[in-house]
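Engineer: Using my numbering, the first residue of the sequence shown is number 527, and each one after it goes up by one. All C-beta atoms in this analysis are idealised placements derived from N, C-alpha and C, irrespective of residue type, glycine included.
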Amino acid sequence: MEEILKVEQIAQTYQAENGELTALENISFSVKKGEFVSIVGPSGCGKSTLLSIVAGMIRPTYGRVLLQDEPIEGISPHIGYMLQRDNLLEWRSIYQNVLLGLEIQKKLTEENKEYAASLLKAYDLWDFRDKYPSQLSGGMRQRTALIRTLAVRPDVLLLDEAFSALDYQTRLAVTDDVYRILKREQKTTLMVTHDISESISMSDRILVLSRRPAHISRVLEIQFDKPDFTPLQRREQHQFQEYFNIIWKELDVHV
Ligand code: ADP
Ligand code: MG
527 MEEILKVEQI
537 AQTYQAENGE
547 LTALENISFS
557 VKKGEFVSIV
567 GPSGCGKSTL
577 LSIVAGMIRP
587 TYGRVLLQDE
597 PIEGISPHIG
607 YMLQRDNLLE
617 WRSIYQNVLL
627 GLEIQKKLTE
637 ENKEYAASLL
647 KAYDLWDFRD
657 KYPSQLSGGM
667 RQRTALIRTL
677 AVRPDVLLLD
687 EAFSALDYQT
697 RLAVTDDVYR
707 ILKREQKTTL
717 MVTHDISESI
727 SMSDRILVLS
737 RRPAHISRVL
747 EIQFDKPDFT
757 PLQRREQHQF
767 QEYFNIIWKE
777 LDVHV
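1) Nearest to V557 by CA position, among I773, I732, W617, is which residue?
2) Where does D703 fall in DSSP's three states?
3) On the three-state DSSP scale, how would you describe N638?
4) Report all residues for which the CB-ligand distance to some heavy atom of ligand 2 is below 7 Å; order them along the chain.
5) State the start and end residues of the unbroken beta strand (DSSP E) segment that holds A677.
6) Between which two residues does the beta strand (DSSP E) harbouring Q535 extend?
7) List the endpoints of the continuous beta strand (DSSP E) containing K552.
8) Can at least three beta-carbon pairs, one atom from the segment 763–778 and one from the segment 733–747, be found at a separation below 8 Å?
9) Find the nearest neighbour of E637 within the set L672, F689, R679, L651, judged by alpha-carbon distance.
10) Within the chosen definition, does the segment 601–611 reach the segment 634–651 through at least 3 CB pairs nearer than 8 Å?
11) Less than 8 Å separating the beta-carbons of S729 and I748?
12) Skipping 5 residues on each side, what residues in its chain have a beta carbon closer than 7 Å to that of K573?
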C-alpha cells in the first residue's frame, strides 16, 4: 500500500528557562493509506510535540514530514486535527459547527455542505443539527467534532488524546463510534495517547516512545483473529492482554 505520510528523522529541542530541553530525538516512521497508527508514551515525553510537527504547527529543529511526498510547511488543509477538548463553539448550532472548517478553508460549496449533511445523517446527528453543543452529551459532542474535521476531507487525521476528557464508560462508547466512522470513511489516522488499552483497541500498528528525549523504542503490529473486530470486541480477546503486557514492560512504568 501507498505510504501517504512520512516522518523523517524528526528532532525537537525547546529553549526552556533553565537551558535546552530535547523532547524528540531522531523519530522516523511512515503511515500507509487507510492505516491506523498510534503512538504511546509516558506523559511529557513529546507526543503532542510530534503531532504538532506533523500538523505543521511547529517547525521541527531537525528532520521533515512528507505528505504524499510533499514536505509539510505550515498548516495544511489536507490534515485534520482533533484534540482532547472538542472546541465546539457554544453559540453555533451543531450544523453550523460542522460547517466551520469548510468556512475557514473557504470551501463552503453546495457539494461540501451536502457532504457534511450526509455525515450528520450517517452518524445519527441530523436530528440534532439545530441544537447547540450544551444540549448534547459528551459523546455526541465528540462525534460532532469528528464530523467537523471529516467535512473538509483531510487525507490524514490526527488525534491527540482525543477521548481523555470523557469519563470511562463514555470513552469506551465514543472509541467504538469514532473507530467505526474512520473505518467506513477509510481514513488514515495517526493517534497519540498515554492510554495503552485505547491504542491496542484501535490500531493496526503501535509505536512506543521512550521517556524524554523520546525515540521510538518499539514497533508493534497489532493483529486479532478477525480484522473487523470493534474496539470493544478487541478488548475481550486474549491477545489484548498480551499486547498490553508487552507495551507495559516497554514503557517501564514505575508506580
Ligand atoms: P506529551 O504530549 O507527551 O505529554 P509534550 O509534547 O506536550 O508531551 O511535551 C514534551 C516536553 O516538552 C515537556 O517536557 C514539555 O514541558 C515540553 N514543552 C512542550 N512545549 C513546549 C514549549 N513550547 N516550550 C518549552 N517546552 C515545551
Ligand atoms: Mg500531550
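Structural biologist: Short version:
1) Within the sequence shown, numbered from 1, the residue matching residue 557 stands at position 31. That would be I732, whose Cα lies nearest to the Cα of V557.
2) Your numbering for residue 703 matches position 177 in the sequence shown. Looking at D703 - three-state DSSP - the assignment turns out to be helix.
3) Here the question's residue 638 lines up with position 112 in the sequence shown. DSSP places N638 in helix when its eight states are reduced to three.
4) K573, S574, D686, E687, V718
5) For the purposes of this step, residue 677 is taken as the residue at position 151 of the sequence shown. No beta strand (DSSP E) holds A677; the alpha helix (DSSP H) holding it covers 664–677.
6) In the sequence shown, residue 535 corresponds to position 9, counting from 1. That run of the beta strand (DSSP E) goes 529–542.
7) Counting from 1 along the sequence shown, the entry for residue 552 is found at position 26. The question names Lys, but residue 552 is Asn in the sequence shown. Run containing N552: 545–558, per the beta strand (DSSP E) assignment.
8) yes
9) In the sequence shown, counting from the first residue as 1, residue 637 sits at position 111. With distances taken between Cα atoms, E637 lies closest to R679.
10) no
11) As a first step, residue 729 must be located in the sequence shown, where it is residue number 203. As a first step, residue 748 must be located in the sequence shown, where it is residue number 222. Result yes, Cβ atoms of S729 and I748 sit closer than 8 Å.
12) Working through the sequence shown from its first residue, we reach residue 573 at position 47. Excluding residues within five positions, the ones whose Cβ falls inside 7 Å are I565, G567, V718, L735.
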